[in-house]
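Going by the numbering used here, the sequence shown opens with residue 1278, and the numbers climb by one from there. Have a look at the structure below, then the notes.
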Amino acid sequence: MSRWECAIAGDDSRFDRVEDLIVHQSTEHDRVSCKVCGTVVPDGYFAIKHAFDEHSRAEYVRAYDASAAEVRRRENVKESVESTADMNEIIERLEG
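Following this line, the structure appears as structure tokens:
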């Protein structure tokens, strides 16, 4: 069974490697605008990374009307991806 599920807008695509998931999210889904600052980023991991690297939890909660559980879930996703992914491979594939 694949470990990594896309889950963007009901997309239930699954991947054995997180790198494949991130490339999929970045190339197969529309980009989204950050509700805090308006920056446009790929949906999925990169949107989560942007939100938590560039903004405080409080800004995120206010802008997205997010619960504490939703914030923790996204922080866990970010941590899981970053502890597993070969970001150099992802960047090379996206720049391609």
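For each residue, glycine too, the CB sits at the ideal point set by N, CA and C. All values reported here derive from a predicted model rather than from experimental measurement.
Taking residue i as the reference, give the member of the options with the closest Cα.
{"i": "V1358", "options": "I1299, A1284, D1320", "result": "I1299"}
{"i": "N1365", "options": "S1290, E1282, E1296", "result": "E1296"}
Would you mind giving the Cβ-Cβ distance between residue i and residue j, rounded to the nearest angstrom? I have them listed as a contact below 8 Å.
{"i": "Y1337", "j": "V1313", "result": "7 Å"}
{"i": "I1285", "j": "D1320", "result": "5 Å"}
{"i": "S1290", "j": "H1301", "result": "6 Å"}
Mapping DSSP to helix, strand and coil, what is residue i?
{"i": "R1308", "result": "strand"}
{"i": "R1294", "result": "coil"}
{"i": "V1300", "result": "helix"}
{"i": "V1313", "result": "coil"}
Does any C-beta atom of chain D lie closer than 8 Å to the C-beta of residue i?
{"i": "N1365", "result": "Here chain D cannot be found, since the structure has a single protein chain."}
According to DSSP, which residues form a beta bridge with residue i?
{"i": "E1366", "result": "Paired residue(s): none; E1366 is not in a bridge."}
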